[in-house]
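Student: As you go down the protein sequences, you meet chains A and C in turn.
Each position in the first sequence, counted from 1, maps to that position plus 122 in our numbering.
Each position in the second sequence, counted from 1, maps to that position plus 122 in our numbering.
A virtual CB, placed ideally from N, CA and C, is assigned to each residue, including glycine.
2 protein chains.
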Amino acid sequence: MRNIKLTIEYDGTNYHGWQSQDNALTIQDVVKKAIHTLTGEECVLTGASRTDGGVHALGQVANFLTNSKIPADKFSFALNTLLPDDIVIKKSEEVDMDFHSRFSSRGKKYKYLIYNSRKPSALLRNRAALVHLPLDVEAMKKSLTYFLGTHDFSAFRASGSDIKTSVRTITGISLNEISSMIAGDGENGSKLLELEISGDGFLYNMVRIIAGTLIYVGSGKLKSDDIPSIIESRDRSRAGKTAPAHGLYLVEVYY
Amino acid sequence: MRNIKLTIEYDGTNYHGWQSQDNALTIQDVVKKAIHTLTGEECVLTGASRTDGGVHALGQVANFLTNSKIPADKFSFALNTLLPDDIVIKKSEEVDMDFHSRFSSRGKKYKYLIYNSRKPSALLRNRAALVHLPLDVEAMKKSLTYFLGTHDFSAFRASGSDIKTSVRTITGISLNEISSMIAGDGENGSKLLELEISGDGFLYNMVRIIAGTLIYVGSGKLKSDDIPSIIESRDRSRAGKTAPAHGLYLVEVYY
């Protein structure tokens, strides 16, 4: 028996998220089915992050146990021939039997893309959240450091989640204007913003609520230095709206 | 009667190109139908470039005549509410009655995206051509200047096209590694290359054949300084393969 770790890129547009559910197409189910076709085995495929519908991944990590004799690094090539082209195994490797993609994780990195433009974009429509109002990027940047460090992030957690502690540590956060494949689209003043956040773990919808709160800061509904009191309040209603799923990317899982 | 100029962005993935054809969904038809719904008029919608199926546009230009009283700049907003989200009118404006999107054009700018990686990308699958073999980008760059200027580009023209002259002038060409929304995908050594080409006009498939020829140079099948003799030969079989449609973007049309 071997433990195989997969690093997976996916375009989440056509899926109801990672996690298996009845009567809905999920990434977990599609990858499990490809493994079954390849090995003849029914496996338990554990993902590091249960990404929501529409959320993308550059480096989701999942692992499964197998008796198959296929060399570990060949799983990626073999599975890619069986998977639809919006799910790609970037890497496959053998890991210790006690490796668990979720519980062994020391942290994660996400990014969130915001397309700030008066007009929508055909090419970014499922890849970045559209914000019409011009954003004050400097104000957004000023608020970033308040998120750094260890805090009770209850104000940035979707209600209804029942996790024991809402204390998390954010180890890195940045916001930059990036050029994009649609650079040169001729739309005056439009820009693509990339928010990157790393931390030891994230509450349900936490990155999307932070993104939504930064959008509030950028559009003047909140001030940069409102952030500390919002965090301290632990009151979800004080933070911004949950930004849409399709702007979110799971970039990397740290072990 | 007024002449309205539209600047259009589209994701070409789900269309059989710009130009109307029987029994196939095209961008021209979809935009015409939206104009009909808005104005009640059957119009002739002329596009600057007849992009092929799968080819994208950041700034396709089209124009039509109308008796509608809708203010010119409002067409974009009104049409966007009627169009699918993979076609977006970025701008609408009134132009002189003698403006013709194709015949008035002084030139165009295209770009071609190449994803050079051992593994495919889920997020770039319809946005960039995948090249597995590692590309020598410096060799590709060295060959660029040979394309500049006025040449008979018969060697870079799809056979079967019946245009009077195959002499064209390329006014600008560059190749750069760009960061992409999938930067940080963890795939060692993978890169996204952006080829930009401007010129007074392009023969059928010319940009895709130039891209394919540069890929040959990058992978060692041709040398940088083979380009002048290939141009001089006017022999299509001496140039590289036509690179796939989905890496091509019509960036801008100059008037």
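1) Would glycine 294 of chain C be called buried (16 or more neighbouring beta carbons within 10 Å of its own) or exposed?
2) Count the other CB atoms, across all protein chains shown, that sit within 10 Å of the CB of arginine 290 of chain A; report buried if there are 16 or more and exposed otherwise.
3) Is DSSP giving leucine 257 of chain C helix, strand or coil here?
4) Looking only at its chain, what residues have a beta carbon closer than 6 angstroms to the beta carbon of tyrosine 237 of chain C, apart from the 5 residues adjacent to it on each side?
5) Write down the C-beta distance between glycine 175 of chain C and histidine 222 of chain C rounded to the nearest angstrom, noting that I regard them as a contact closer than 8 angstroms.
6) Classify serine 239 of chain A: buried if its beta carbon has 16 or more other beta carbons within 10 angstroms, exposed otherwise.
7) Does the Cβ of methionine 262 of chain C have 16 or more other Cβ atoms within 10 Å, making it buried, or fewer, making it exposed?
8) Taking the beta strand (DSSP E) that serine 214 of chain C belongs to, which residues open and close that run?
9) Between the alpha carbons of alanine 200 of chain A and lysine 127 of chain A, how many angstroms are there, rounded?
10) Nearest chain A C-beta to glutamate 163 of chain C closer than 8 angstroms, yes or no?
11) Quick one: is histidine 138 of chain C near chain A, going by C-beta distance under 8 angstroms?
12) Please classify serine 320 of chain C as buried or exposed, where buried requires at least 16 neighbouring CB atoms within 10 angstroms.
13) Along chain C, in chain order, which residues have C-beta atoms closer than 7 angstroms to that of isoleucine 319 of chain A?
14) Are there 16 or more other CB atoms within 10 angstroms of the CB of histidine 273 of chain A, so buried, or fewer, so exposed?
15) Bridge partners of aspartate 274 of chain A, per DSSP?
16) Helix, strand or coil for glycine 294 of chain C, going by three-state DSSP, please let me know.
17) Can you check whether the C-beta of alanine 244 of chain C is within less than 8 angstroms of a C-beta belonging to chain A?
18) Which residues mark the beginning and the end of the beta strand (DSSP E) in which lysine 127 of chain A is found?
19) Which of the residues in the segment 253-273 of chain A, read from start to end, lie with their CB under 9 angstroms from any CB of chain C?
20) If you count every other CB in all the chains shown that lies within 10 Å of the CB of valine 339 of chain A, and 16 or more means buried, which is it?
21) Is it a yes or a no for the segment 216-231 of chain C touching the segment 366-374 of chain C, going by three-plus beta-carbon pairs under 8 angstroms?
22) Could you pull out every residue in the same chain whose Cβ sits closer than 7 angstroms to the Cβ of valine 329 of chain C, ignoring the five residues on either side in sequence?
23) Between C:Thr159, C:Arg358, C:Tyr377, C:His158, which lies nearest to isoleucine 98 of chain C when the distance is taken from Cα to Cα?
24) Could you pull out every residue in the same chain whose Cβ sits closer than 7 angstroms to the Cβ of glutamine 150 of chain A, ignoring the five residues on either side in sequence?
25) Could you check whether cysteine 165 of chain C and leucine 147 of chain C sit closer than 8 angstroms to each other, using their CB atoms as the reference points?
26) Which whole-angstrom value describes the C-beta separation of glutamate 216 of chain C and serine 190 of chain C, a residue pair presumed to lie in contact below a C-beta threshold of 8 angstroms?
27) Establish whether the CB of glutamate 378 of chain C and some CB of chain A are separated by less than 8 angstroms.
28) Ends of the alpha helix (DSSP H) at threonine 203 of chain A?
29) For the segment 218-247 of chain C, which residues have a CB atom closer than 7 angstroms to at least one CB atom of chain A, in sequence order?
30) CB-CB under 7 angstroms to leucine 325 of chain C, same chain, minus the five flanking residues each way: which ones, in chain order?
31) On the CB-based measure, 16 or more other CB atoms within 10 Å of its CB, does tyrosine 377 of chain A come out buried or exposed?
32) Between the beta-carbon of methionine 219 of chain A and the beta-carbon of asparagine 136 of chain A, is there less than 8 angstroms?
33) So serine 351 of chain C and leucine 255 of chain C are in contact, right, with Cβ under 8 angstroms, and what is the actual spacing, rounded?
34) Could you tell me whether the Cβ of aspartate 451 of chain A comes closer than 8 angstroms to any Cβ of chain C?
35) Using the beta-carbon of each residue, which ones in chain E are nearer than 7 angstroms to isoleucine 209 of chain C?
36) Return the first residue and the last residue of the alpha helix (DSSP H) that threonine 159 of chain C is part of.
Tutor: A quick look at the data gives this:
1) With fewer than 16 other Cβ atoms within 10 Å, it is exposed.
2) Counting Cβ neighbours within 10 Å, arginine 290 of chain A comes out buried, since at least 16 surround it.
3) Three-state result, leucine 257 of chain C: coil.
4) Take tyrosine 237 of chain C, set aside five residues on each side of it, and the residues of its chain with a beta-carbon closer than 6 angstroms to its own are Ser243, Leu246, Ala250, Leu252, Leu314, in chain order.
5) That pair is no contact at about 24 angstroms.
6) Looking at its Cβ environment, which holds 16 or more other Cβ atoms inside 10 Å, serine 239 of chain A is buried.
7) That one is buried.
8) From DSSP, the beta strand (DSSP E) with serine 214 of chain C extends over 209-217.
9) If you take the alpha carbons of alanine 200 of chain A and lysine 127 of chain A, they lie about 14 angstroms apart.
10) At a cut-off of 8 angstroms, the C-beta of glutamate 163 of chain C has no neighbouring C-beta in chain A.
11) So, not an interface residue.
12) A buried status is given to serine 320 of chain C, since no fewer than 16 other beta-carbon atoms sit within 10 Å of its beta-carbon.
13) Per Cβ cutoff of 7 angstroms: no residues; isoleucine 319 of chain A is ~13 angstroms from chain C at best.
14) If you draw a 10 Å sphere on the C-beta of histidine 273 of chain A, you find 16 or more other C-beta atoms in it, and that means buried.
15) Checking the DSSP bridge columns, you'll see aspartate 274 of chain A partnered with A:Val289.
16) Note: glycine 294 of chain C maps to strand in three-state DSSP.
17) Answer yes: the Cβ-Cβ gap between alanine 244 of chain C and chain A drops below 8 angstroms somewhere.
18) Following the DSSP letters along the chain, one finds lysine 127 of chain A inside the beta strand (DSSP E) bounded by residues 124-132.
19) Along the segment 253-273 of chain A, none of the residues has a CB nearer than 9 angstroms to a CB of chain C.
20) That one is buried.
21) Segments in contact, yes.
22) If the five residues before and after valine 329 of chain C are omitted, its C-beta is found closer than 7 angstroms to the C-beta atoms of Tyr232, Tyr234, Ile319, Leu370, all from its own chain and listed in chain order.
23) No statement about residue 98 of chain C is possible, as the shown extent of chain C runs from 123 to 377 and does not include it.
24) Excluding positions up to five away in sequence, the list reads Trp140, Gln141, Ser142, Leu167, Gly169.
25) In this structure, cysteine 165 of chain C does not lie closer than 8 angstroms to leucine 147 of chain C by Cβ.
26) About 11 angstroms; that fails the 8 angstroms criterion.
27) In the structure displayed, chain C extends from 123 to 377; residue 378 of chain C sits before or after that span and is not available.
28) Note, threonine 203 of chain A: alpha helix (DSSP H), 196-204.
29) If the cut-off is 7 angstroms between Cβ atoms, the segment 218-247 of chain C has Leu235, Lys241, Pro242, Ser243, Ala244, Leu245, Arg247 near chain A.
30) Leaving aside the five residues that flank leucine 325 of chain C on each side, the residues in its chain whose CB is nearer than 7 angstroms to its CB run, in chain order, Phe275, Phe278, Arg279, Ser283, Ile285, Ser288, Arg290.
31) Exposed, by the Cβ-count rule.
32) Their beta carbons are not under 8 angstroms apart, which means methionine 219 of chain A does not touch asparagine 136 of chain A by this criterion.
33) The C-beta distance from serine 351 of chain C to leucine 255 of chain C rounds to 23 angstroms, too long to fall under 8 angstroms, and the pair is not in contact.
34) Absent from the model: residue 451 of chain A. The displayed extent of chain A is 123 to 377, so no value can be given.
35) Structure shown: chain E not included; protein chains present are A and C.
36) Counting along the chain, the alpha helix (DSSP H) containing threonine 159 of chain C begins and ends at 149-161.
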